[in-house]
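In what follows, a structure is listed as structure tokens, so that the remarks can point back to it.
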Amino acid sequence: MSAVAADERAPVALRPMREDDLDAVMEVERRAYPFPWTRGIFRDCLRAGYPAWVLDRGGAILGYAVLSIAAGEAHILNLCAAPEVQREGHGRRLLRALLQVARGHRAERVFLEVRPSNAAAIALYHGEGFNEIGRRPRYYPAFNGREDALVMALELL
Numbered sequence: 003m004s005a006v007a008a009d010e011r012a013p014v015a016l017r018p019m020r021e022d023d024l025d026a027v028m029e030v031e032r033r034a035y036p037f038p039w040t041r042g043i044f045r046d047c048l049r050a051g052y053p054a055w056v057l058d059r060g061g062a063i064l065g066y067a068v069l070s071i072a073a074g075e076a077h078i079l080n081l082c083a084a085p086e087v088q089r090e091g092h093g094r095r096l097l098r099a100l101l102q103v104a105r106g107h108r109a110e111r112v113f114l115e116v117r118p119s120n121a122a123a124i125a126l127y128h129g130e131g132f133n134e135i136g137r138r139p140r141y142y143p144a145f146n147g148r149e150d151a152l153v154m155a156l157e158l159l
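For the sequence shown, the numbering used here begins at 3 and goes up steadily by one.
Rendered as structure tokens:
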């Protein structure tokens, strides 16, 4: 798998993430975030059975998402579109897929954390019905110490 677009005319397929996708996922993760997840975190999520999806276009990974579900609640752990394809609707497609999975598991609500500095992600989440319900101080690593996280939630019922 490649994280670079193989054929921009090829259809974009949403499919479950596999361990053999992790090189390409990590390539996107490192380009998208100054403080990326490790390969081990992704691998552990897959091995734990967390729903994880990729957007694949002709063998290239355009984005991915990871969800945990327990006790009637779902938590979006990671949602990312490759920097070169952001603002093309791929993040929204991934988010909607995760919400469908959460509903299929009868989750009553979905939570996520987002950096207050990530205006595009916040707009996406608001656009899909999420509301800010709190703040986690010093949650994310940052170049100048730590950055808070906004906690957002969506009621599915």
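Just so it is clear, CB atoms sit at the ideal spot from N, CA and C, and this is done for glycine as well.
Helix or strand or just coil, what does DSSP make of F113? Position 111 of the sequence shown, counted from the start, is the residue given in the question as residue 113. Strand at F113.
Out of A12, R11 and V68, point me to the one whose CA is closest to V27's CA. Along the sequence shown, one-based indexing puts residue 27 at 25. When only C-alpha atoms are compared, the closest one is V68.
Here's a check: name, in chain order, each residue in its chain whose Cβ is nearer than 6 Å to the Cβ of L96, leaving out the five neighbours to either side. Within the sequence shown, residue 96 is the residue found at index 94, counting from 1. Correct list, in chain order: G65, A67 and L81.
DSSP-derived helix/strand/coil call for Y52: By one-based count along the sequence shown, residue 52 stands at place 50. Reduced to three states, the DSSP call for Y52 is coil.
Any contact of the region 37–53 with the region 84–93, i.e. 3+ C-beta pairs under 8 Å? The region 37–53, when compared against the region 84–93, does not touch it at the 8 Å Cβ threshold.
In the DSSP assignment, the alpha helix (DSSP H) including H77 goes from what residue to what residue? As a first step, residue 77 must be located in the sequence shown, where it is residue number 75. Premise fails: H77 lies in the beta strand (DSSP E), E75 to A83, not in any alpha helix (DSSP H).
Is the beta carbon of V112 closer than 8 Å to that of L152? Within the sequence shown, residue 152 is the residue found at index 150, counting from 1. Within the sequence shown, residue 112 is the residue found at index 110, counting from 1. Contact flag unset, no.
Can you determine whether any heavy atom of the ligand GTP sits closer than 7 Å to the C-beta of L48, and answer yes or no? As for the ligand GTP, it is missing from this structure, which has no ligand bound.
DSSP state of A12 mapped onto helix, strand, coil: Here residue 12 corresponds to residue number 10 of the sequence shown, with the count starting at 1. If DSSP states are grouped into helix, strand and coil, A12 belongs with coil.
Quick check: the Cα distance between L24 and R41, rounded to an integer number of angstroms? As a working mapping, residue 24 is identified with position 22 in the sequence shown. As a working mapping, residue 41 is identified with position 39 in the sequence shown. Spanning the two alpha carbons is a distance of roughly 7 Å.
From A12 to P139, what distance separates their C-alpha atoms? Here residue 12 corresponds to residue number 10 of the sequence shown, with the count starting at 1. Here residue 139 corresponds to residue number 137 of the sequence shown, with the count starting at 1. Distance between the alpha carbons of A12 and P139: 43 Å.
Report the residue from Y142, M154 and L159 whose alpha carbon sits nearest the alpha carbon of P38. Position 36 of the sequence shown, counting from 1, holds the residue named residue 38. Among Y142, M154 and L159, the Cα nearest to that of P38 belongs to Y142.
Which residue's Cα is closest to the Cα of G93: L57, E115, V116 and A109? The sequence position of residue 93 within the sequence shown is 91, counting from 1. The shortest Cα separation from G93 among L57, E115, V116 and A109 belongs to L57.
Looking at the structure shown, is G129 part of a helix, part of a strand, or coil, going by DSSP? Sequence index remark: in the sequence shown, residue 129 carries index 127 (1-based). Residue state, collapsed to three classes: helix.
Could you check the C-alpha separation between G131 and A76 for me, to the nearest Å? On the sequence shown, position 129 is the one that residue 131 refers to. On the sequence shown, position 74 is the one that residue 76 refers to. Whole-angstrom Cα-Cα distance: 15 Å.
Report yes if the C-beta distance between A123 and V116 is below 8 Å; otherwise report no. Indexing the sequence shown from 1 puts residue 123 at position 121. Indexing the sequence shown from 1 puts residue 116 at position 114. Cβ atoms of A123 and V116: closer than 8 Å.
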